[in-house]
Amino acid sequence: MVRKTRLWLPNHFYHIVSRGNRKDLLFKDPQDYRTFLYILQQVYETHSFELSAYCLMNNHFHLQLRSKEHPISKIMSLVNKRYATYFNARYELTGHVFEKRYFDEPLNSSANMLEVSRYIHLNPVKANLVLRAEDYPWSSYRLYFSRNSKMKSYMNLSPLVEGYPGTFKKKRKSYCEFVNAKRTEVFGKIQL
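Set out below in structure tokens:
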């Protein structure tokens, strides 16, 4: 059966999700998370792209990604193949690492981008891994929350904060307030 060609709109952000096969773990320890981020950097160096948000959960990951020059399908093929090769070699496994082809959805408005990024950044909170999104080490949320976080060259915070007024610091703070407002809404009056 021939796979349907993926639609690629240059200069559009996409919400991308990829899961472990049978919902198995993709990341078993910090080395796996670091290796995945290293692979993103390697792919970026040959197939440039921007991430405005990401979150690596233990059995899946979310990316909010845009590429002006290269089809998303090519970028994701490189990322997932390289990670699968690493994972199978490290754990002495064979076969599929990922459940199926990655999910992607074009984000057609600034409001949609903000909502999806909030969903991505609150994923570890919703999964009860941390109480606050800024405490999760494998997410881009820390880059918005703290200016002391080291930013990878593929990260671009501007698309998510450019609609807020003020200095870049104030824009980041406003974005964090936007994310945390949903946390309060989702978890009610519980003080986290």
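Residue numbering for the sequence shown follows UniProt numbering, starting at 1 and increasing by one per position. The beta-carbon is built from N, C-alpha and C at its ideal position, and this holds for glycine as well. All of these numbers come straight from a predicted model, not from anything done at the bench.
Q | Beta-carbon spacing of Arg-86, Ile-16 below 7 Å | A | In the sequence shown, the residue the question calls residue 86 occupies position 86. In the sequence shown, the residue the question calls residue 16 occupies position 16. Checking the displayed sequence, the identity of residue 86 turns out to be Tyr instead of Arg. Against a cut-off of 7 Å, the Cβ pair of Ile-16 and Tyr-86 comes out as no contact.
Q.
So, for Cys-176: in the same chain, excluding its five sequence neighbours on each side, which residues have a beta-carbon less than 6 Å away from its beta-carbon?
A. What you label residue 176 is simply residue 176 of the sequence shown in a count that begins at 1. The answer, listed in chain order, is Tyr-144 and Phe-145.
Q: Would you check if the distance between the CB atom of Tyr-83 and the CB atom of Phe-49 is smaller than 7 Å?
A: Position 83 of the sequence shown, counted from the start, is the residue given in the question as residue 83. Position 49 of the sequence shown, counted from the start, is the residue given in the question as residue 49. Their beta carbons are not under 7 Å apart, which means Tyr-83 does not touch Phe-49 by this criterion.
**Q.** Local Cβ density within 10 Å of Arg-172, reported as buried at 16 or more and exposed below that
**A.** By 1-based counting over the sequence shown, the position of residue 172 is 172. With 16 or more Cβ atoms within 10 Å of its Cβ, Arg-172 is classed as buried.
Q. Could you give the distance in angstroms between the alpha-carbon of Lys-154 and the alpha-carbon of Tyr-44?
A. As a working mapping, residue 154 is identified with position 154 in the sequence shown. As a working mapping, residue 44 is identified with position 44 in the sequence shown. It should be pointed out that residue 154 corresponds to Tyr in this sequence rather than to Lys. Approximately 7 Å between the Cα atoms of the pair.
Q: Over the uninterrupted beta strand (DSSP E) stretch that includes Glu-45, give me the two end residues.
A: Counting from 1 along the sequence shown, the entry for residue 45 is found at position 45. That residue, Glu-45, is in no beta strand (DSSP E); its alpha helix (DSSP H) goes 30-46.
(Q) Check this for me: beta carbons of Ala-181 and Ile-120, under 7 Å apart or not? (A) Locating residue 181 in the sequence shown gives position 181, where the first residue counts as 1. Locating residue 120 in the sequence shown gives position 120, where the first residue counts as 1. No, these two residues do not count as a Cβ contact at 7 Å.
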